[in-house]
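Encoded as structure tokens, the structure appears first; notes follow it.
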Amino acid sequence: VSLFLHLPRPMAPLELHHQLSSISSNNQLSNNHIHPAIPTLGHLYITHSLLGGNARCRAMLQTFALLLQAYTPPPTSRDFRHDVDHSLLKPAFQYWTTQCRPHSVSMGNAFSFLKLAVANLERELEWNDAREILLESMEAYVTERIEYAGKAISRHAGSKIQEKGDVILVFGKSEVINRLLLDAALVDKKTFRVIVVDSRPLLEGRDTLEILSRAGISCTYVLLNALSYLMMREVTKVFLGASALMSNGSVLSRVGTACVALLANSNHIPVLVGCETYKICNRVQLESITGNELGDAEEVACTDCARLGPSNRWNGTVERGDSSGEKSEGEVLADWKDQPNLKLLNLMYDLTPSDFVTGIVTEVGILPPSSVAVLLREMSPESAFKGTS
5 VSLFLHLPRP MAPLELHHQL SSISSNNQLS NNHIHPAIPT LGHLYITHSL LGGNARCRAM
65 LQTFALLLQA YTPPPTSRDF RHDVDHSLLK PAFQYWTTQC RPHSVSMGNA FSFLKLAVAN
125 LERELEWNDA REILLESMEA YVTERIEYAG KAISRHAGSK IQEKGDVILV FGKSEVINRL
185 LLDAALVDKK TFRVIVVDSR PLLEGRDTLE ILSRAGISCT YVLLNALSYL MMREVTKVFL
245 GASALMSNGS VLSRVGTACV ALLANSNHIP VLVGCETYKI CNRVQLESIT GNELGDAEEV
305 ACTDCARLGP SNRWNGTVER GDSSGEKSEG EVLADWKDQP NLKLLNLMYD LTPSDFVTGI
365 VTEVGILPPS SVAVLLREMS PESAFKGTS
């Protein structure tokens with residue numbers, strides 16, 4: 005689609021298969037030896053086996069911890085801070101973002117935090133002491149900005165759920181939204197029903213459905229095309245997750261989120277977005293075209309909604325060893341590439357305008373979208389090092 009030609013093109017199924025087959029034999033990264041943890045995590049990113057801003061960020065920091073534990077600055081090093089930044093952190097991050105998948109805002113902010121932590125180390129420190137400081141800083145970042153933030157968001161948003169009778173609509177899968185629903189049902193003993201709205205091709209809502217159903221929460225599962233019927237009849241509240249918060253209050257999240265928020269707003273149903281403050285971005289974005297991520301169009305062409313696992317959402321013929329890449333005869337869009345007037349587009353995200361959002365639930369409370377710019381200033385990475393010598 006010409007409107008999205010500026011976005012990086014995702015790998016075709018066969019290209020992905022060949023790269024993953026040769027990734028184990030690739031021992032060079034920017035002329036340096038590559039740690040096995042780097043391509044291992046890259047494999048999870050590129051196959052979409054690891055989805056969600058928190059999960060991707062957490063895995064990145066855990067991998068950086070492994071790299072730091074295995075790294076020793078060269079004897080000729082004059083400043084280990086420069087070596088760690090340019091020989092260890094940057095090559096790994098560039099590998100993930102250029103060879104695998106564009107990084108999320110959560111990953112970018114965590115990486116900026118880690119670089120700042122390295123820059124704030126004393127030059128005279130012994131490497132072992134410096135390494136311990138960095139490991140503790142990363143552990144504290146995950147604990148405070150992800151784990152504790154999730155607990156606080158659960159507490160703030162849970163207070164908006166009534167003791168009985170609420171019908172809550174969620175879309176796709178969000179770690180923080182699942183947590184607040186589980187806390188409301190299991191800890192606060194509130195009685196409510198959840199409508200899980202899902203969409204192809206990722207079908208992440210099935211994971212949400214399984215998590216909530218196992219906890220004994222009454223759930224209804226529908227696809228996005230049934231949303232208008234449900235929204236007008238039963239829904240009392242909408243809880244949505246976010247991949248990023250723009251400085252103008254817009255919400256970047258899984259594609260389809262804007263449709264849910266728009267319909268809820270038109271029916272005067274409150275929309276609460278749960279998002280940790282470390283996902284705030286200093287960009288201003290007004291639409292979903294300039295900044296987005298393209299998924300593989302073959303995922304849209306595959307009309308079989310059965311999903312056995314995250315790694316088989318690519319072309320199933322590759323996994324079965326069929327190098328020809330031929331489709332099964334039953335697929336409706338099997339010959340879509342042969343149709344001159346047909347193009348398939350698989351966007352990963354969309355942008356929800358702040359006008360459609362009632363409130364943004366963060367660890368500091370429930371705020372209007374207009375306050376995102378204030379949070380951006382207060383929660384900048386530099387604030388974590390104020391007062392340190």
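To convert, count from 1 in the sequence shown and add 4; that's my numbering. By construction, the Cβ of each residue, glycine as well, lies at the ideal position given by its N, Cα and C atoms.
Check, Outcome
"Residue nearest to Leu380 in terms of C-alpha spacing, selected from Tyr282, Cys104 and Val361", "Tyr282"
"Through-space distance from Leu216 to Lys347, alpha-carbon basis", "37 Å"
"Cα-Cα separation, Glu208 to Trp131", "43 Å"
"Delimiting residues of the alpha helix (DSSP H) encompassing Ser232", "Leu231 to Arg237"
"Lys177, DSSP secondary structure in three states", "coil"
"His39 beta carbon less than 9 Å from that of Cys104", "no"
"6 Å CB neighbourhood of Arg197 in its chain, flanking five on each side removed", "Val171 and Ser222"
"Proximal residues to Phe84 (C-beta, below 6 Å), its chain only, five neighbours per side dropped", "Pro77 and Trp131"
"Leu249 beta carbon less than 9 Å from that of Leu256", "yes"
"Helix, strand or coil at Arg105 according to DSSP, with G and I counted as helix", "coil"
"N- and C-terminal bounds of the beta strand (DSSP E) containing Arg197", "Thr195 to Asp202"
"Classification of Ala144 by the beta-carbon crowding that lies within 10 angstroms, buried from 16 upward", "exposed"
"Reduced DSSP category for Gly57 - H, G, I as helix; E, B as strand; rest coil", "helix"
"Coarse secondary structure for Arg159, derived from DSSP in three states", "helix"
"Any non-hydrogen atom of the ligand GDP within 8 Å of Arg258 CB", "The model on display carries no ligand, and the ligand GDP is accordingly not part of it."
"Neighbourhood of Asp89 by C-beta, 7 Å cutoff - its chain only, sequence neighbours within 5 removed", "Lys119 and Val122"
"Local conformation of Tyr75 per DSSP, three classes", "coil"
"Validate contact between the segment 367 to 377 and the segment 274 to 290 using beta carbons, cut 8 Å, 3 pairs", "yes"
"One or two residues paired with Phe243 in a DSSP bridge", "Val174 and Leu276"
"Other residues of its chain near Ser358: CB distance less than 6 Å, five sequence neighbours each side excluded", "Gly253, Ser254 and Pro373"
"Local Cβ density within 10 Å of Leu113, reported as buried at 16 or more and exposed below that", "Looking at the sequence provided, one finds Asn at residue 113 rather than Leu. It counts as buried."
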